Amino acid sequence: MTLHGSDPSSPSSARLLLFSCLGLALASSACSGDDSPSDDEAAGDTSTEDTDTDSDTDTGSDTGSGSDSTTGGQGDPLDAEAIARIEDAVELTLGTGYATGCSVAIWRDGAVIYAEGFGTKNEADELVTPDTLFQIGSDTKKMTAIALLREVDAGALELDSTLAEFLPGLELEASPGVFDTLTVDRLLSHRSGLFDYTPFDDAPDDAELQARTYAEFAANEYAMVPPGVAWSYSNPNYTLAGVLTEALAERPWADVVIDDVAAPLDMDHTYARRDDMLASEVDIASGFGPILSSELDTFSLLAQLAIEEGPADWTSPEDHADNAFTRPAGLVWSTATDMAKLGGFLIEGDEAVLSDELREQMQVGQAALGPGIDPETLGYGYGVMAARGFNGPQGYRDVRVVQHGGNTLDMTSTFVMLPDQGVVVSVLSNGSGDDMSLVAAVALEEAAEANLPEPSEPTTPYDPPAEDLSVYAGAFGSVELGEASIAWSGSELEIEVPLLAQLEVELAPAMTPVARDVFVLSSEAGEFEVAFYPGLDATPNRYLVNRSFAFTRDAEEGNGILPLQLLAPMKPARSRPLSPPRWARTRAL
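Positions -32 to -1, 1 to 557 (mature numbering (1 follows the signal peptide of the UniProt record, and there is no 0)) are the ones given, in order, by the sequence shown.
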């Protein structure tokens, strides 16, 4: 058994794959560099793909599909030299990971000016086109956030409204009262503290969203830390946003997000349900990536760690799981062109969809992506990440960047915007954990070249490590991993987790400081970061947090830490019938 790392673009182990599912597709962007914390806390992916403006043009490499690229009615198209540089980046990228093909779109100054497909989309070696659909993973979250923020616009609730107010029948048995302080703001900015439960079993019935939430989720989910303590990316935040949207809109989330968000923005090839897509589209990519040894549907971190990966193989569109519970967090299907249109909306706005005030607030960091960081410099807004600084092949540019990205088990989405330059890049690919950062960076530079500042020296939002590391030492406890001790040896900080040793997980004791309150741990699967956060009562270094687990200092019975033995049976049962949605009785009075 190995402990997962935190790099969501690495396909090297099953654990890396599992914990990247529906996570951010991250790569070079703001504050990138060897001295910055891991990608789980760094800026989002800047990758993009190439397209050709000449119909039936051969790119001169195996990556070119020969399909027609498209331009919009506004904005000048890219020139031949810019296109050639993007094509070169695509050629260098395809073949380095699992992807056999990708689709790229660029929006600039009011229109999609470039869209192209490269490589092949399935086992039959059919070519990717600009119209090929892919699963976009966590890029779904932008749409989920917009759908819920529309309810804020309508006055149905506020950003500081709590889930307990609007979902009064929902309570976590393991963490009672957690929804009393979990607000819409904290939910959408990933400050809930909830364990990252992300099922991938096939459960496409719309009623599954609320049924599973009020049954298995309520019985088994838990808060790793209290809401508001730390930024910790967790897919259930957006599942709950979907549940809340359904309760307020009194319609299935899959209808709300398509009818109220996608359709008004002319995103005509975007689908929330797999079966709707299969009934309407034929140009759909198959995914390629490692096949897991068992179904991914558990509330136990230890059970997740035990899942093995098999050889990489194809998964057809028909065989992709559609899970209504996971949908709002990351199972939408779309095209790169539609994603570019969505980015155009985020830049230009459309008050028929969302007020300018909330649209702009989405794109401002609400939660810092690490302790001691200014969230406006490196933060998570609502469904997108906001950062200062873009690092491309031609150097660092001091510009505002808004981005996200997403991974499923076998597809990757890359999404990045330079709002002040009026440029959006979307790259969709059919491989697990694809790194399209070079393509994205080149496309951004070429599309925004005339409006970019001169390259400058990059800055970092992180403070240097503390001089006295002994202040972090102490006894800790974890829902997921039991007891842990952190000690100062006189030369380095060391961690010991007895349960991991019992399970033969190789975790090096040294905790390497990389920034103030941020450390790197090393296991046989790779490196991953943990960060110390104060308690809500300002107790220093109260929590040690990673996306998949958290430790609490001086954990004692009754402080919210679950007995470890409760984790073993946390495998959802499938015996309960689907019940009608709880729309009427979940509306706050």
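The beta-carbon is built from N, C-alpha and C at its ideal position, and this holds for glycine as well.
What you are looking at is a predicted structure, and each value in this text was computed from that prediction instead of being measured.
Pairwise C-alpha distance: residue j and residue i
i	j	result
residue 268	residue 310	35 angstroms
residue -18	residue 264	Its pLDDT being 31, under 50, residue -18 is placed unreliably by the model, and the measurement read from it follows with that caveat. Going by the C-alpha atoms only, they are around 12 angstroms apart.
residue 168	residue 294	7 angstroms
residue 335	residue 157	6 angstroms
residue 395	residue 316	21 angstroms
residue 28	residue 256	At residue 28 the pLDDT is 32, less than 50, meaning the model places this residue with poor confidence; the figure from the coordinates comes in the next sentence. So the two alpha carbons sit approximately 25 angstroms from each other.
residue 42	residue 78	Only weak support is given to the placement of residue 42: the predicted model assigns it a pLDDT of 48, under 50, and the value that follows is read from those uncertain coordinates. So the two alpha carbons sit approximately 6 angstroms from each other.
residue 568	residue 182	This structure leaves residue 568 out entirely; the chain is present only between -32 and 557.
residue 172	residue 344	38 angstroms
residue 489	residue 476	7 angstroms
residue 284	residue 112	25 angstroms
residue 370	residue 424	19 angstroms
residue 563	residue 159	One cannot answer for residue 563 here, as it falls past the ends of the chain, which runs -32 to 557.
residue 48	residue 421	23 angstroms
residue 509	residue 104	36 angstroms
residue 238	residue 59	27 angstroms
residue 384	residue 457	43 angstroms
residue 162	residue 180	16 angstroms
residue 468	residue 300	36 angstroms
residue 368	residue 393	14 angstroms
residue 504	residue 149	12 angstroms
residue 455	residue 463	7 angstroms
Contacting residues, own chain, Cβ-Cβ under 6 angstroms from residue i (five flanking each side not counted)
i	result
residue 415	74, 76, 391
residue 109	206, 351
residue 430	483
residue 566	Residue numbering for the chain in the displayed model covers -32 to 557; residue 566 lies beyond these limits and cannot be assessed.
Residue i, DSSP secondary structure in three states
i	result
residue 315	helix
residue 497	strand
residue 357	strand
residue 185	helix
residue 518	strand
residue 166	coil
residue 488	strand
residue 509	coil
residue 206	helix
residue 59	helix
residue 253	coil
residue 438	helix
residue 132	helix
residue 379	coil
residue 226	helix
Within 8 angstroms, strictly: CB atoms of residue i and residue j
i	j	result
residue 413	residue 339	no
residue 298	residue 401	no
residue 289	residue 170	yes
residue 517	residue 444	no
residue 97	residue 251	yes
residue 248	residue 90	no
residue 117	residue 314	no
residue 165	residue 147	no
residue 215	residue 134	yes
residue 406	residue 68	no
residue 240	residue 217	no
residue 331	residue 354	yes
Pick from the options that is closest to residue i, judged by C-alpha positions
i	options	result
residue 502	90, 85, 440	440
residue 131	97, 153, 428	153
residue 212	115, 185, 187	115
residue 561	517, 497, 281, 252	The structure shown does not extend to residue 561, since the chain is modelled only from -32 to 557, so the question has no answer here.
residue 125	101, 98, 105, 151	151
residue 201	121, 348, 238, 144	348
residue 56	505, 404, 521, 522	404
residue 470	93, 300, 451	451
residue 321	388, 296, 122, 408	122
residue 382	51, 72, 46	72
residue 378	225, 174, 102	102
residue 46	367, 410, 286	410
residue 642	230, 219, 305, 92	No information on residue 642 is available, as it lies outside the stretch -32 to 557 that the chain covers here.
Residues of its chain near residue i, where Cβ-Cβ distance is below 7 angstroms and the 5 sequence neighbours each way are ignored
i	result
residue 434	484
residue 480	487, 488
residue 228	115, 118
Closer than 7 angstroms: residue i CB and nearest the ligand ADP heavy atom
i	result
residue 451	The ligand ADP is absent from the structure shown, which contains no ligands of any kind.
Cβ-based neighbour list, residue i, same chain, cut-off 8 angstroms, excluding 5 preceding and 5 following
i	result
residue 291	167, 168, 169, 170, 171, 172, 176, 299
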